[in-house]
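Participant:
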Amino acid sequence: MITSTRGTAITRPTVTAPLRAFLAAAAVCAAAAACGTNVEPDRVATPPTSAPASDAARPVTAVMPDVVGGNALRAQEQMDGSQVRFEDASGKDREVVDPQAWRICDSRPGANQQITSYPVVLLVVPDTESCPGGASG
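The working numbering applies: residue 227 is where the sequence shown begins, and numbers increase by one.
Written out as structure tokens, the structure reads:
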């Protein structure tokens, strides 16, 4: 634990196992896309001979971690902030200026669902409020 100059404890965010796996998969996918190379370099790339149209150009997917009830800033940091969008879960359409003061009520896609497009949407409320409809958090 680190102590600030004011004597208060500063703790580091904890990366959970599902988020760690998500981040590792995202890093591999990003590295492969940035280099424009195949993830399996030992194989020779050959064009498909008769692949059905539905198999062509499928997006890379990852699994959405269960972040409901967690701090919005920590989730944003753990999931690459550029890939996350916050929405006010109360319906009041408030802007999330300081994600540290908000917590997550739900996510789109839901926990353990495939992420097929970005940004991921985190439905949040200020820490001082309850999630609408008795949602977790």
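We treat Cβ as the ideally placed atom computed from N, Cα and C, and that holds for glycine.
These numbers come from a predicted model, not from an experiment.
1. Can you list, in chain order, the residues of its chain whose CB lies under 7 Å from that of residue 299, leaving out five sequence neighbours each side?
2. What is the rounded straight-line gap between the Cα of residue 346 and the Cα of residue 302?
3. Tell me the rounded alpha-carbon separation between residue 337 and residue 293.
4. If you follow the beta strand (DSSP E) that residue 321 is part of, which residue opens it and which one closes it?
5. Under 8 Å Cβ to Cβ from residue 333, same chain only, skipping five residues before and after it: list those, please.
6. Give the secondary structure of residue 340 by DSSP, where H, G and I count as helix, E and B as strand, and everything else as coil.
Facilitator: Well, looking at it:
1. As a position in the sequence shown, residue 299 is number 73, starting the count at 1. Same-chain partners within the cutoff: 325, 326.
2. Counting from one through the sequence shown, the residue named residue 346 turns up at place 120. Counting from one through the sequence shown, the residue named residue 302 turns up at place 76. Using only the alpha carbons, I get a separation of about 10 Å.
3. The residue labelled residue 337 in the question sits at position 111 within the sequence shown. The residue labelled residue 293 in the question sits at position 67 within the sequence shown. Computed Cα separation, rounded: 7 Å.
4. Translated into the one-based positions of the sequence shown, residue 321 becomes position 95. Neither: residue 321 is in no beta strand (DSSP E) and is coded neither H nor E.
5. As a first step, residue 333 must be located in the sequence shown, where it is residue number 107. The answer, listed in chain order, is 290, 293, 294, 346, 347, 348, 349.
6. As a working note, residue 340 is residue 114 in the sequence shown. Three-state result, residue 340: strand.
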